[in-house]
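Engineer: Please read through the structure below; I'll follow up with questions.
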Amino acid sequence: TGTLSATFANILTTGIPQSIQIFIAICFLLGFGVKLPIIPLHTWLPDAHTNAPTPVSMVLAGILLKTGAYGIYRFNYQMMFETFGKIAPFLAVLALINIIYTAFVAYSQKDIKRIVAYSSISNMGLVLLGLCAFNQMGLSASVFHMVAHALVTCGLFMICGIVYLRCKTRDIDSLGGIAVNMPRLFGFATLIVLASIGV
């Protein structure tokens, strides 16, 4: 009709040329990829978690990271379905790198908050891989994992905050024997860690 519209239904029915859709999809991915985060756009997250107070880390990991995945689903997956199908294999490779690389980086950390931060990046790779599966099962798994990760990571950051308040350190090497001094926290932490690894 020649009028500009931001209504979702109108955008879906508008024929946008494929080349422009690819450009728009890449721009969306860069924006949402920082928030998700996707490697190599992930470098801000460990520092943000390490320097933030515990409640801020809980909100950041529990809610704000998921806005990146929601944005990719809402704009790339829904609005540009065919275009997303073309870039999904490339994104799946990035998701696999997210999962494997950041898991190894988390394993080498000494600060317990940085361990949880890098494991969050790894888990967001699983969410992205579910979207890249390009089917209903992958989408459902992605949404389920976002909800599960939000609950588990909030619990992990809460444990990090309690440990820091009591021990005045987050260095994992100096926290040996914590189960003897804080048995109830240790029990709660065990449940949350088991949930984190999918048990």
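Start counting at 1 in the sequence shown, then tack on 1, and there's your number in our numbering. Glycine included, C-beta positions come from ideal geometry on N, C-alpha and C.
Under 7 Å between the Cβ atoms of Ala-142 and Gly-126?
Structural biologist: Not in contact: Ala-142 and Gly-126 (Cβ atoms no closer than 7 Å).
Engineer: Among the residues of its own chain, which have a CB less than 8 Å from the CB of Ala-149, if the five just before and after it don't count?
Structural biologist: Excluding sequence neighbours, Ala-149 sits near Ala-196.
Engineer: So, is Gly-63 buried or exposed, given that buried needs 16 or more other C-beta atoms within 10 angstroms?
Structural biologist: That one is buried.
Engineer: So, Ala-96 versus Ser-123, is the Cβ gap smaller than 7 Å?
Structural biologist: For Ala-96 and Ser-123, no; Cβs fall outside 7 Å.
Engineer: Counting pairs of Cβ atoms below 8 Å between the stretch 45-57 and the stretch 82-98, do you hit three or more?
Structural biologist: No contact exists between the stretch 45-57 and the stretch 82-98.
Engineer: With contact counted as at least three CB pairs below 8 Å, one residue from each stretch, are the stretch 64-76 and the stretch 108-117 in contact?
Structural biologist: No: the two stretches stay apart, fewer than three of their Cβ pairs being nearer than 8 Å.
Engineer: Using CA coordinates, which residue listed in Leu-166, Val-181, Pro-41 is at the minimum distance from Tyr-102?
Structural biologist: Answer by Cα proximity: Pro-41.
Engineer: What does a CB cutoff of less than 7 Å around Pro-47 pick up in its chain, not counting 5 residues either side in sequence?
Structural biologist: Closer than 7 Å at the Cβ level, and outside the excluded window around Pro-47, lie Arg-115, Ala-118, Tyr-119.
Engineer: Identify which residue in Phe-158, Phe-33, Ser-121, Gly-34 has its Cα closest to the Cα of Phe-189.
Structural biologist: The residue with the shortest Cα to Cα distance from Phe-189 is Phe-158.
Engineer: Taking Ala-26 and Asn-77 to be in contact with their CB atoms under 8 Å, please state how far apart those CB atoms are, rounded to whole angstroms.
Structural biologist: Right, their Cβ atoms sit about 5 Å apart.
Engineer: Could you check if Pro-56 is buried or exposed, using at least 16 other CB atoms within 10 Å of its CB as the buried criterion?
Structural biologist: Label assigned to Pro-56: exposed.
Engineer: Taking C-beta to C-beta, are Leu-129 and Ile-163 nearer than 7 Å?
Structural biologist: No; because the gap between Cβ atoms is not below 7 Å, this pair is not in contact.
Engineer: Applying the criterion that 16 or more other CB atoms from any shown protein chain within 10 Å of the CB defines a buried residue, is Pro-38 buried or exposed?
Structural biologist: It is buried - the Cβ of Pro-38 has at least 16 other Cβ atoms within 10 Å.
Engineer: What does a CB cutoff of less than 6 Å around Ser-121 pick up in its chain, not counting 5 residues either side in sequence?
Structural biologist: Result list for Ser-121: Ala-62, Thr-154, in chain order.
Engineer: Going by DSSP, what residue range makes up the alpha helix (DSSP H) through His-150?
Structural biologist: Element bounds for His-150: 137-168.
Engineer: For Met-183, I'd like the list of residues in its chain whose CB is within less than 6 Å of its CB, leaving aside the five on either flank, ordered along the chain.
Structural biologist: Taken in chain order, the list of residues that qualify is empty.
Engineer: For the alpha helix (DSSP H) containing Val-181, list its first residue and its last residue.
Structural biologist: Segment 179-182, the alpha helix (DSSP H) holding Val-181.
Engineer: Going by Cα to Cα distance, which pick from Phe-145, Val-106, Gly-34 is closest to Leu-66?
Structural biologist: The candidate whose alpha carbon is nearest that of Leu-66 is Gly-34.
Engineer: Whose C-beta lies closer than 6 Å to the C-beta of His-1 among residues of the same chain, with five residues either side of it excluded?
Structural biologist: Absent from the structure is residue 1, since the part of the chain shown begins at 2 and ends at 200.
Engineer: For Gly-156, count neighbouring Cβ atoms within 10 angstroms of its own Cβ and tell me buried if that reaches 16, exposed if not.
Structural biologist: Counting Cβ neighbours within 10 Å, Gly-156 comes out buried, since at least 16 surround it.
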